[in-house]
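Structure record follows, encoded as structure tokens.
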Amino acid sequence: MFGMGLKLLGEKKPGHDLRYAINFKKIMNELSWEPKTNIEDGLKHTVQWYLKNQDWLDHIINEDYLQYYEKMYKDR
Numbered sequence: 294m295f296g297m298g299l300k301l302l303g304e305k306k307p308g309h310d311l312r313y314a315i316n317f318k319k320i321m322n323e324l325s326w327e328p329k330t331n332i333e334d335g336l337k338h339t340v341q342w343y344l345k346n347q348d349w350l351d352h353i354i355n356e357d358y359l360q361y362y363e364k365m366y367k368d369r
């Protein structure tokens, strides 16, 4: 039922999770939690952060980082 017909594009990413879905209704109901930022503003701020931190991004996508993931997840 869930995930049926889901079309995956491109190669499988390093790691074990195939899909992420956000649903914060449980935490809202049980703890009266509410998000401080809506999804549009949150995505805008996230993109701006990555643009301002290009050096960090370059560092984590180098060969060493990819080798780490290959080592950690190759047998999963």
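The opening residue of the sequence shown carries number 294 in the working numbering; numbering runs sequentially from there.
Glycine included, C-beta positions come from ideal geometry on N, C-alpha and C.
Are the beta-carbon atoms of residue i and residue j separated by less than 7 Å?
i, j, result
"Y343", "L350", "yes"
Under 8 Å Cβ to Cβ from residue i, same chain only, skipping five residues before and after it: list those, please.
i, result
"F317", "W326, P328"
Grab me the residues of residue i's own chain with a C-beta within less than 7 Å of its C-beta, minus the 5 sequence neighbours each way, in chain order.
i, result
"M321", "E327"
"Q347", "none"
4-residue-minimum alpha helix (DSSP H) runs that sit fully inside the region 309 to 361, ordered along the chain: 318 to 324, 332 to 345, 347 to 353
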